[in-house]
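Asks: Okay, here's the structure, questions in a sec.
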Amino acid sequence: MTLRPIELDHREFADIDRHFARFIKGFGQEDLPPVAAALLSRNMRHGHLCLDLARGPVASGEPPLAFAWPELKTWQKVFAKNRAIGRPDQGRPLVLDGAGRLYLRRYWEYEKALAQGILIRCQESVPLSLLNTADLQDLAIATALARRFVVISGGPGTGKTTTVLKILERLVSEPGGEKLRIALAAPTGKAAARLQETLRSGVGNGLAQDRLPKSASTLHRLLGPRHNSVYFWHDRKNPLPVDLVVVDEASMVSLTMMAKLFDALPEKARVILLGDRDQLSSVEPGAVLGDIASAASEPGPLQGSLVVLEKNYRFGNQSNIFALSNAVRDGEVDRALEILNSVEQPDLCAGKTPPPLRIAEQLRQSVIAGYSAYLRTADPIEALENFKKFRVLCPFRAGPYGVESLNRTIENILREERLIGGAQNAYAGMPILITQNDHPLRRYNGDIGILLPDPADSSHLLAWFIGEDGGLRRIPPARLPEHEPAFAMTVHKSQGSEFDTVLLILPDKESPLLTRELIYTGLTRARNRVQVWFQEEVLRAGLDRKIQCASGLRDRLGKRPNRSLNSCGMVT
């Protein structure tokens, strides 16, 4: 098949896609492999793990291209002539598996390693009597005691952390439980801090109290990052000294990180994943928790490893937040619109997304009410606590409804109200969001801090954070890793956080990035009240758009495992 050069200039391809295509072109003279490489690169930028050649470009989420999509056998015939593409056992940069999925080799290896790491822990059968348990929390506890791998899913307020606390108390209270080595981890510092705080507040005064872990850490810190390296100190050759690992906010964990965690675990170690399978997945390729939950919902080796908690202990039956988030989760557009268009309630109000020139006018009242309290205190702990009471969330970074523009608008409103002053890039009261990991400083992507005066010298500002141990930390601004203002955050960055009140701003025009999972995640960041700005046609399109991630993990998890983990080769 002959392709016109314009096809690699398709507007949906980025420079990195074209560069990768040229690299693959150097391994053969056929025209199809470079196009496949460009498509694979684009797929991965949009969260897919692979390019599903058997299903075609539409099923893979790709735009129509200027040629008819070849049959799988055509792709296979052409790939055979390119030295960069081969079967899994050929050791080439790109892997074409037996189902027609094209991968970067390292992601094929990560997927294989993770699947085997999970399946080796699902060889114990779940007693049939457990499946008849009426109470889902009791079922989760019994399943975790019976198997070495369990996923406990559910929306905010369904008792996931309370359930895992009961599991831990049962395990450490059993004979020999005093020797059980337990690690608590989460993908971000703020998620780890929340897990730690919740578990501490839920621990009773019994014997188990002294046997439970006192702190949680990020997955990076648990594995031990090496300076200037993608490798960790803990891996198969140097496994973690643990018998049980609990991972909270598992929907945010990337395939890469999850594979490296399982690679570093002793084969007999138990794993409990906590998370909401309906939330957004990691910004990196893959939807790991979703794939695992799907595999566990079907007949196969994972069946019985998933428990979905449904009873909500935070919201009552009359909660509009609960009703709206459920309607969004289930794609019930008319029901969601009915709730949004009802009379304003104490926990929910909605309005139309204004045109760009009127955003500041419509934002003013909410911003002043939401941010005044923290800006009127000089005490770092009080300021950090008050700042968690309100947040503006939106889907995008750029554009009039993106965080970059909204943060500037909010700063201007607060300056006009004389609630902030000083330099544009550093002023007392400036909330900051860390956007790059800094392991020596123990500051990680997603951490929130506030710039406030140094008590010893009010002319100097310090960045104040709550540390992983729950204590107050201060860092000179010059030492901070990359960061940005945090009045407005993307929904992705807000994962793992909760706020008393959320203002969720949806754009005034449709976007392929606006999905059911994103809207659901934004709504469920609110504890007490949510405001939503939306246009009906945009909301309808977003709720009709459900993320479909091209991946082979679900298929792998449907197969019986090898008896040993030694075959799990890892590459980075």
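So the sequence shown is residues 648 to 1219, counted in my numbering. Glycine is no exception: its CB is placed at the ideal position from the N, C-alpha and C atoms. Note that the structure is predicted; figures quoted are calculated from it, not measured.
Is Leu999 helix, strand or coil when you go by DSSP?
Replies: Counting from 1 along the sequence shown, the entry for residue 999 is found at position 352. The sequence given here has Lys at residue 999, not Leu. Reduced to three states, the DSSP call for Lys999 is strand.
Asks: Here's the rule I'm using: 16 or more other beta-carbon atoms within 10 Å means buried, otherwise exposed. How should Gly963 be labelled?
Replies: Counting from 1 along the sequence shown, the entry for residue 963 is found at position 316. Gly963 should be labelled exposed.
Asks: Closest by CA to Ile1137, which one among Ile1113, Arg1126, Pro1042 and Asp1094?
Replies: For the purposes of this step, residue 1137 is identified with residue 490 of the sequence shown, where counting begins at 1. Correcting the residue identity first, residue 1137 is Thr in this sequence and not Ile. If we check each option's Cα against that of Thr1137, Pro1042 comes out closest.
Asks: So Arg1203 is in the alpha helix (DSSP H); what residue range does that whole segment cover?
Replies: Indexing the sequence shown from 1 puts residue 1203 at position 556. Leu1200 to Leu1204 is the span of the alpha helix (DSSP H), which, as asked, contains Arg1203.
Asks: Could you name each continuous alpha helix (DSSP H) segment of 4 residues or more that falls completely within the stretch 1026-1054, going from the start of the chain to the end?
Replies: Taking only runs of at least 4 residues, the alpha helix (DSSP H) segments lying wholly in the stretch 1026-1054 are 1027-1034.
Asks: Once you ignore the five residues that flank Leu1119 on each side, which residues in its own chain have a CB closer than 7 Å to its CB?
Replies: Taking the first residue of the sequence shown as 1, we reach residue 1119 at position 472. Excluding positions up to five away in sequence, the list reads Pro1027, Ile1028, Trp1111 and Ile1113.
Asks: Taking just the CA atoms, how far does Ala897 sit from Leu792?
Replies: Position 145 of the sequence shown holds residue 792. Position 250 of the sequence shown holds residue 897. Between Leu792 and Ala897, the C-alpha separation is close to 20 Å.
Asks: Can you tell which of Asp857, Lys724 and Ala838 has its C-alpha closest to the C-alpha of Ser1141?
Replies: The count along the sequence shown starts at 1 and reaches residue 1141 at position 494. Comparing Cα positions, the closest option is Ala838.
Asks: My assumption, with CB atoms under 8 Å, is that Pro1001 sits in contact with Gln1009. Please give the rounded CB distance.
Replies: Your numbering for residue 1001 matches position 354 in the sequence shown. Your numbering for residue 1009 matches position 362 in the sequence shown. Contact flag correct, Cβ pair sits at about 5 Å.
Asks: Would you tell me roughly how many angstroms separate the C-alpha atoms of Pro822 and Asp857, rounded to the nearest one?
Replies: Looking up residue 822 in the sequence shown gives position 175. Looking up residue 857 in the sequence shown gives position 210. Approximately 15 Å between the Cα atoms of the pair.
Asks: Report, in whole angstroms, the separation of the C-beta atoms of Ala1168 and Leu927, which I expect to be a contact under 8 Å.
Replies: Counting from one through the sequence shown, the residue named residue 1168 turns up at place 521. Counting from one through the sequence shown, the residue named residue 927 turns up at place 280. The amino acid occupying residue 1168 in the given sequence is Thr; Ala does not appear at that position. Indeed, because the Cβ distance is near 5 Å, the residues count as touching under 8 Å.
Asks: Looking only at its own chain, which residues have a Cβ that is under 8 Å from the Cβ of Asp662, when we skip the five neighbours before and after it?
Replies: If you number the sequence shown from 1, residue 662 lands on position 15. Same-chain partners within the cutoff: there are none.
Asks: Taking just the CA atoms, how far does Ser1105 sit from Asp1085?
Replies: Residue 1085 sits at position 438 when you count from the first residue of the sequence shown. Residue 1105 sits at position 458 when you count from the first residue of the sequence shown. Cα to Cα, Asp1085 sits roughly 27 Å from Ser1105.
Asks: Give every residue of the same chain whose Cβ lies closer than 8 Å to the Cβ of Arg1126, excluding the five residues on either side of it in the sequence, and list them in chain order.
Replies: Within the sequence shown, the letter at position 479 stands for residue 1126. Once the five neighbours on either side are set aside, the close Cβ partners of Arg1126 are Leu1088.
Asks: Tell me whether the beta-carbon of Asp664 lies closer than 8 Å to the beta-carbon of Arg689.
Replies: Here residue 664 refers to the residue found at position 17 of the sequence shown. Here residue 689 refers to the residue found at position 42 of the sequence shown. In this structure, Arg689 lies closer than 8 Å to Asp664 by Cβ.
Asks: If you scan the stretch 803-828 from start to end, which runs of the alpha helix (DSSP H) of 4 or more residues do you find wholly inside it?
Replies: Complete alpha helix (DSSP H) runs here, min 4: 807-820.
Asks: Just curious, the alpha helix (DSSP H) that Trp1111 is in, first and last residue?
Replies: Along the sequence shown, one-based indexing puts residue 1111 at 464. From DSSP, Trp1111 is part of no alpha helix (DSSP H) but of the beta strand (DSSP E) over Asp1104 to Ile1113.
Asks: Within the same chain, show all residues whose beta-carbon is closer than 7 Å to that of Lys907, passing over the 5 residues directly before and after it, in chain order.
Replies: In the sequence shown, the residue the question calls residue 907 occupies position 260. Correct list, in chain order: Leu870 and Phe879.
Asks: Have a look at Leu1170, Glu677, Leu679 and Ala685 and flag the residue whose alpha-carbon is nearest the alpha-carbon of Ser966.
Replies: Against the sequence shown, residue 966 aligns to sequence position 319. For the residues Leu1170, Glu677, Leu679 and Ala685, the minimum Cα distance to Ser966 belongs to Leu1170.
Asks: If I follow the unbroken alpha helix (DSSP H) through Leu1010, where does it start and stop?
Replies: Reading the sequence shown from its first residue, position 363 is the one you call residue 1010. Element bounds for Leu1010: Ile1006 to Leu1022.
Asks: The alpha helix (DSSP H) with Gln676 in it runs from where to where?
Replies: As a position in the sequence shown, residue 676 is number 29, starting the count at 1. No alpha helix (DSSP H) holds Gln676; DSSP gives it neither H nor E.
Asks: Classify Tyr1091 as buried or exposed, calling it buried when 16 or more other Cβ atoms lie within 10 Å of its own Cβ.
Replies: The residue given as residue 1091 occupies position 444 in the sequence shown. Buried: at least 16 other Cβ atoms inside 10 Å.
Asks: To test your reading of the DSSP string, which unbroken beta strand (DSSP E) runs of 3 or more residues are found completely within the stretch 718-789?
Replies: The stretch 718-789 contains these whole beta strand (DSSP E) runs: 741-743 and 748-751.
Asks: Kindly list the residues whose CB is nearer than 6 Å to the CB of Gly703, restricted to its own chain and excluding five residues on each side of it in sequence; keep chain order.
Replies: Here residue 703 corresponds to residue number 56 of the sequence shown, with the count starting at 1. Around Gly703: Trp716.
Asks: Does the distance from the CB of Leu922 to the CB of Leu936 come in under 8 Å?
Replies: Here residue 922 refers to the residue found at position 275 of the sequence shown. Here residue 936 refers to the residue found at position 289 of the sequence shown. Here the sequence assigns Gly to residue 922, which means Leu is not the residue at that position. Yes; because the gap between Cβ atoms is below 8 Å, this pair is in contact.
Asks: At a cut of 8 Å, does the stretch 1194-1206 reach the stretch 744-758 through at least three beta carbon pairs?
Replies: With a cut-off of 8 Å, the stretch 744-758 and the stretch 1194-1206 count as touching, because enough Cβ pairs lie within range.
Asks: With Arg1163 as the anchor, note down where its alpha helix (DSSP H) starts and where it stops.
Replies: The residue you call residue 1163 lines up with position 516 of the sequence shown. Taken as a continuous stretch (DSSP letters only), the alpha helix (DSSP H) holding Arg1163 covers Arg1163 to Leu1170.
Asks: Kindly indicate which three-state DSSP category Phe667 falls into: helix, strand or coil?
Replies: Numbered from 1 along the sequence shown, position 20 holds the residue referred to as residue 667. Three-state DSSP puts Phe667 in a helix.
Asks: Tell me where the beta strand (DSSP E) around Gly703 begins and ends.
Replies: Counting from one through the sequence shown, the residue named residue 703 turns up at place 56. Segment: none, Gly703 is in no beta strand (DSSP E) and carries neither H nor E.
Asks: Run the CB neighbour count on Lys884, radius 10 Å, all protein chains shown included, and call it buried at 16 or more, exposed below.
Replies: Indexing the sequence shown from 1 puts residue 884 at position 237. That one is exposed.
Asks: Using CA coordinates, which residue listed in Ile814, Ala1007 and Thr835 is at the minimum distance from Leu827?
Replies: Position 180 of the sequence shown, counted from the first residue, corresponds to residue 827. Nearest C-alpha to Leu827: Ile814.
Asks: Shortest alpha-carbon distance to Tyr1021 belongs to which of Ile1067, Leu984 and Ile968?
Replies: Your numbering for residue 1021 matches position 374 in the sequence shown. With distances taken between Cα atoms, Tyr1021 lies closest to Ile1067.
Asks: In the structure shown, what three-state DSSP assignment does Leu912 receive?
Replies: As a working note, residue 912 is residue 265 in the sequence shown. Reduced to three states, the DSSP call for Leu912 is coil.
Asks: Once DSSP output is grouped into helix, strand and coil, what is the label at Pro1124?
Replies: Walking along the sequence shown from the start, residue 1124 turns up at place 477. If DSSP states are grouped into helix, strand and coil, Pro1124 belongs with the helices.
Asks: What residue does the alpha helix (DSSP H) around Gly1189 start on, and which one ends it?
Replies: As a position in the sequence shown, residue 1189 is number 542, starting the count at 1. Glu1183 to Asp1191 is the span of the alpha helix (DSSP H), which, as asked, contains Gly1189.
Asks: In whole angstroms, what is the alpha-carbon distance linking Ala789 and Ser772?
Replies: The residue you call residue 789 lines up with position 142 of the sequence shown. The residue you call residue 772 lines up with position 125 of the sequence shown. Each residue's alpha carbon lies about 12 Å from the other.
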